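From first to last, the protein sequence lines stand for chains A and B.
Sequential numbering of the first sequence, starting at 0, is according to numbering that gives the first Met the number 0.
Sequential numbering of the second sequence, starting at 0, is according to numbering that gives the first Met the number 0.
Beta carbons: idealized from backbone N, C-alpha and C, even for Gly.
Every value quoted in this text rests on a predicted model; they were computed, and no experiment measured them.
Working notes, beginning with the structure itself.
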Amino acid sequence: MWQKIKDGFEERAGLQSLIRTKLKDYKVPGGINIFYTLGIVAVIAYVIQALTGYFLLIYYIPHPDHAFKSVQDIMNVAPFGWLPRTLHIVVSNLMVIVIILHLISIFVMLSYKKPRELTWIAGVCLFFITLVFCLSGYLLPWSQRSFWATTIVTNIPTAFPVIGDYVANILRGGDNISGATLSRFFALHVAFLPPIFLLITGFHMFLVRRLELSTPPFSTSAEKSPERYPFYPHFFLKQVFMIMVFFSLVFFMITFMPTFFLPEAANTPADPLKTPFNIKPEWYFLAPYQLFKIIPNKFFGISLQVLLALIFLLWPYLDTKEEKNILKRPLLIIFFILALTVWFSLTLWGRHS
Amino acid sequence: MRYIFISLIAILMLASSSFASYREAFEKEFLFKSWGGEETEVNACIDCHSSDIMKKEFQNVTQAWKKSWHYQNSVLCDDCHGGDSKDATMSMSHQRGFIGTPKYTEVPEFCGKCHIGILRNYLESGHGKALQTTGKGPNCVTCHDSHNIQKANIEIINEGRCTKCHTYERAKIMKQALFATENKIRDIDKELENLKAEGIYVGNEKRELFSTQAEFRALFHTIDADLVIQRTDDFTQKLNIIDTKINNSFTELNFRKNFSAFLTLIFVGLSIVVLMFSKTYKD
Numbered sequence: 000m001w002q003k004i005k006d007g008f009e010e011r012a013g014l015q016s017l018i019r020t021k022l023k024d025y026k027v028p029g030g031i032n033i034f035y036t037l038g039i040v041a042v043i044a045y046v047i048q049a050l051t052g053y054f055l056l057i058y059y060i061p062h063p064d065h066a067f068k069s070v071q072d073i074m075n076v077a078p079f080g081w082l083p084r085t086l087h088i089v090v091s092n093l094m095v096i097v098i099i100l101h102l103i104s105i106f107v108m109l110s111y112k113k114p115r116e117l118t119w120i121a122g123v124c125l126f127f128i129t130l131v132f133c134l135s136g137y138l139l140p141w142s143q144r145s146f147w148a149t150t151i152v153t154n155i156p157t158a159f160p161v162i163g164d165y166v167a168n169i170l171r172g173g174d175n176i177s178g179a180t181l182s183r184f185f186a187l188h189v190a191f192l193p194p195i196f197l198l199i200t201g202f203h204m205f206l207v208r209r210l211e212l213s214t215p216p217f218s219t220s221a222e223k224s225p226e227r228y229p230f231y232p233h234f235f236l237k238q239v240f241m242i243m244v245f246f247s248l249v250f251f252m253i254t255f256m257p258t259f260f261l262p263e264a265a266n267t268p269a270d271p272l273k274t275p276f277n278i279k280p281e282w283y284f285l286a287p288y289q290l291f292k293i294i295p296n297k298f299f300g301i302s303l304q305v306l307l308a309l310i311f312l313l314w315p316y317l318d319t320k321e322e323k324n325i326l327k328r329p330l331l332i333i334f335f336i337l338a339l340t341v342w343f344s345l346t347l348w349g350r351h352s
Numbered sequence: 000m001r002y003i004f005i006s007l008i009a010i011l012m013l014a015s016s017s018f019a020s021y022r023e024a025f026e027k028e029f030l031f032k033s034w035g036g037e038e039t040e041v042n043a044c045i046d047c048h049s050s051d052i053m054k055k056e057f058q059n060v061t062q063a064w065k066k067s068w069h070y071q072n073s074v075l076c077d078d079c080h081g082g083d084s085k086d087a088t089m090s091m092s093h094q095r096g097f098i099g100t101p102k103y104t105e106v107p108e109f110c111g112k113c114h115i116g117i118l119r120n121y122l123e124s125g126h127g128k129a130l131q132t133t134g135k136g137p138n139c140v141t142c143h144d145s146h147n148i149q150k151a152n153i154e155i156i157n158e159g160r161c162t163k164c165h166t167y168e169r170a171k172i173m174k175q176a177l178f179a180t181e182n183k184i185r186d187i188d189k190e191l192e193n194l195k196a197e198g199i200y201v202g203n204e205k206r207e208l209f210s211t212q213a214e215f216r217a218l219f220h221t222i223d224a225d226l227v228i229q230r231t232d233d234f235t236q237k238l239n240i241i242d243t244k245i246n247n248s249f250t251e252l253n254f255r256k257n258f259s260a261f262l263t264l265i266f267v268g269l270s271i272v273v274l275m276f277s278k279t280y281k282d
């Protein structure tokens, strides 16, 4: 009976041939390392965010009078409500780390070189959208941290002459952070960003599949014999392993460091009349935040940031040398280490300033 | 592409520097515009009282206030003394409700604007009656100080302070009557802080504790030890309700920890299985 159902389904859906062509016949280069799996880990992280987000939507109320209480109810009243909320917080932060590591590994392996320029651009766009996801997401609990960190960030566009105040007003829905801002950020977080994100992710994954994985530049075995292995099980198991490691890390943090991404100000209701001492944006915004603070002219500060973002986005078109092994590009190594050091230093400075 | 970038850099830098150099108003606007997290409130009272034009004894007032429980709870100068701290010229205007320093006998009314229950009980007490009849009884600042007001606790009742006016016998009986309840309040407060550190919102429990504590301490201001002993059971009952909620929260936290620890183990186990499985495939 079971065999009949299976055969019938197979006859109509053709799953076996799909698995064969898409998993077994699909070949990946030999010598690929675990850094190649960071992309799929990021995708899984997004899936977790979407699923936990749906659960949070059941109880969350996007109104200044109810938002904080509804989040507290999710944590303390709804059965197992703490699980999707804590997962949503921890995974959102780890996801940013995974994407940064993914970008770093792509940069170090120079995998953005022709013909993969568009894959890099789509990836950086996804990174920027992730940051907008994070920004819009952390206003939603309507806590002191949400309120004041958003105040800082929505002040940034005011540095643009002429249109600056207008842009800030569009973001906030008025002169200050209010219920209108909450509604806007909520709509952005759950309705506007996801379809844009899915579209670009689809394009990114299509390109990855279409252009195939790049050959690792450091692998001597690959140079000697450009052997290719089937995606399943060779690479597939590597991916599953890294996903399991990611889940282990997520639950390890929830068990032993439940408040690591949840400081006290995130657990205090928003009070527009009381500016808390030392309020800081999230860690991934600390470097740009500190850069703004140290550059006295705000317009220059924002121009520089836009420029840096553009350089980052269009990097494959700026680095036109054909050499694909970074070890043979000492200047690029120095530039990379310098950029990373500046970013780390600004982040630490921003944290402790 | 490189040329586009170089042009873009040139345009942005040029625009920045031209705005920065030639438009003074614009420069000022962005150079000095405060950012959300760095905003500092204007307070004319503090500015003036901290400056050298003020007499030494008045300068100390702001220093003492900054160490106080009022400061920690954002109770500002004008909340007690009236006036307008945001407008230097009108800060001491009677039109803006400026009261200034109250007379000795007016201090209870002055503090009682906020501490209503305590004022009522104090006025009915021996302390309050002495002040009203002779003008020499102890008022609020006798025990709590005027600006360096600390979070009230049972240690305020001590031999040194009470024997300034009378013997310690009655005060000691009162302290004993308060002891168990005060300790319980302190323990619950500490547990709520622990719970808060674990990421649990305790605002509602804090409010409940605060109102119970305020009611209990208001009762103390009658300085009637018999009445305190008589009502202690009511307060203990209220405190037990909060205590039960705290214990339930800790139990829930333990469950969450165990649950996620279990999931950690499951995923670590799965990682090992997948790793071993992939090794067999390599072979």
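Quick one, are the C-beta atoms of residue i and residue j less than 8 Å apart?
i: residue 181 (chain B); j: residue 152 (chain B); result: yes
i: residue 138 (chain A); j: residue 184 (chain A); result: yes
i: residue 228 (chain A); j: residue 26 (chain A); result: yes
i: residue 215 (chain A); j: residue 30 (chain A); result: yes
i: residue 42 (chain B); j: residue 73 (chain B); result: no
i: residue 114 (chain A); j: residue 210 (chain A); result: yes
i: residue 200 (chain B); j: residue 71 (chain A); result: yes
i: residue 273 (chain B); j: residue 236 (chain A); result: yes
i: residue 143 (chain A); j: residue 275 (chain A); result: yes
i: residue 152 (chain A); j: residue 134 (chain A); result: yes
i: residue 181 (chain A); j: residue 61 (chain A); result: yes
i: residue 63 (chain B); j: residue 120 (chain B); result: no
i: residue 124 (chain B); j: residue 221 (chain B); result: yes
Quick one: is residue i buried, meaning 16 or more other Cβ sit within 10 Å of its Cβ, or exposed?
i: residue 190 (chain A); result: exposed
i: residue 288 (chain A); result: buried
i: residue 320 (chain A); result: exposed
i: residue 41 (chain A); result: buried
i: residue 190 (chain B); result: buried
i: residue 69 (chain B); result: buried
Just the Cα atoms here: how many angstroms apart are residue i and residue j?
i: residue 342 (chain A); j: residue 284 (chain A); result: 11 Å
i: residue 215 (chain B); j: residue 206 (chain B); result: 14 Å
i: residue 178 (chain B); j: residue 188 (chain B); result: 15 Å
i: residue 82 (chain B); j: residue 254 (chain B); result: 53 Å
i: residue 282 (chain B); j: residue 107 (chain A); result: Confidence in residue 282 (chain B) is poor, its pLDDT being 46 and thus under 50, which makes the residue's placement unreliable; the coordinate value appears in the next sentence. So the two alpha carbons sit approximately 30 Å from each other.
i: residue 330 (chain A); j: residue 300 (chain A); result: 26 Å
i: residue 129 (chain A); j: residue 308 (chain A); result: 14 Å
i: residue 155 (chain B); j: residue 161 (chain A); result: 60 Å
i: residue 296 (chain A); j: residue 314 (chain A); result: 26 Å
i: residue 280 (chain B); j: residue 234 (chain A); result: 11 Å
i: residue 52 (chain B); j: residue 46 (chain B); result: 11 Å
i: residue 135 (chain B); j: residue 129 (chain B); result: 7 Å
i: residue 212 (chain A); j: residue 49 (chain A); result: 27 Å
i: residue 143 (chain B); j: residue 67 (chain B); result: 11 Å
i: residue 54 (chain A); j: residue 47 (chain A); result: 11 Å
i: residue 33 (chain A); j: residue 105 (chain A); result: 12 Å
i: residue 290 (chain B); j: residue 264 (chain A); result: As shown, chain B starts at 0 and ends at 282. That puts residue 290 (chain B) outside it, with no answer to give.
i: residue 159 (chain A); j: residue 178 (chain A); result: 25 Å
i: residue 339 (chain A); j: residue 332 (chain A); result: 11 Å
i: residue 246 (chain A); j: residue 231 (chain A); result: 22 Å
i: residue 99 (chain B); j: residue 213 (chain B); result: 27 Å
i: residue 87 (chain A); j: residue 241 (chain A); result: 19 Å
i: residue 249 (chain A); j: residue 120 (chain A); result: 28 Å
i: residue 25 (chain B); j: residue 294 (chain A); result: Confidence at residue 25 (chain B) is low in this model, with a pLDDT of 43, below 50, so the placement of that residue should be treated as unreliable; the coordinate-derived value is given next. One C-alpha to the other measures close to 15 Å.
Across which residues does DSSP place residue i in a beta bridge pair?
i: residue 228 (chain A); result: A:27
i: residue 142 (chain A); result: A:268
8 Å is my cut-off, CB to CB: does residue i come that close to chain A?
i: residue 195 (chain B); result: yes
i: residue 90 (chain B); result: no
i: residue 199 (chain B); result: yes
i: residue 38 (chain B); result: The predicted model places residue 38 (chain B) with a pLDDT of 43, which falls under 50 and marks its position as unreliable, so this point remains unresolved.
i: residue 70 (chain B); result: no
i: residue 276 (chain B); result: yes
i: residue 262 (chain B); result: yes
Within 8 Å (strictly less), CB to CB, does residue i reach chain B?
i: residue 273 (chain A); result: yes
i: residue 71 (chain A); result: yes
i: residue 119 (chain A); result: no
i: residue 243 (chain A); result: yes
i: residue 81 (chain A); result: yes
Determine, for residue i, whether the minimum Cβ-Cβ distance to residues of chain D falls below 8 Å.
i: residue 132 (chain B); result: The chain inventory of the structure shown lacks chain D, comprising the protein chains A and B.
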